[in-house]
Amino acid sequence: MRIIVNGKPTEVKDKITVMEFLEEQKINPKIVAVEVNDSILEPERYSQKLLNDNDRLEIIFYLGGGRC
């Protein structure tokens, strides 16, 4: 199955959840926000949301910073 992740086509196995995808990519779900098809997904739903062929994911990493 093919999805688009941050604008790049990506092959994934069928019936994969957002959480499983993040784990396979070694992405800590606590430091990202995930948008699926232009809708922000609540973190509590990462384990429930199944991805479909041609879904568009945007994964945004939280960055901490300080003063310059």
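In terms of my numbering, the sequence shown is residues 1 to 68. C-beta: ideal position from N, C-alpha, C; glycine also. All of these numbers come straight from a predicted model, not from anything done at the bench.
Coil, strand or helix - residue i by DSSP
i, result
"valine 12", "coil"
"isoleucine 59", "strand"
"glutamate 42", "coil"
"leucine 22", "helix"
"isoleucine 31", "helix"
"arginine 67", "coil"
"leucine 51", "coil"
Candidates the options: closest to residue i by CA position
i, options, result
"proline 43", "Ala33, Leu50, Leu51 and Val5", "Ala33"
"lysine 8", "Leu57, Leu63 and Phe61", "Leu57"
"tyrosine 62", "Asp53, Asn28 and Asn52", "Asn28"
Test item: CB-CB of residue i and residue j under 8 Å
i, j, result
"aspartate 55", "isoleucine 3", "yes"
"isoleucine 59", "asparagine 6", "yes"
"lysine 15", "valine 36", "no"
"valine 12", "methionine 1", "yes"
"tyrosine 46", "threonine 10", "no"
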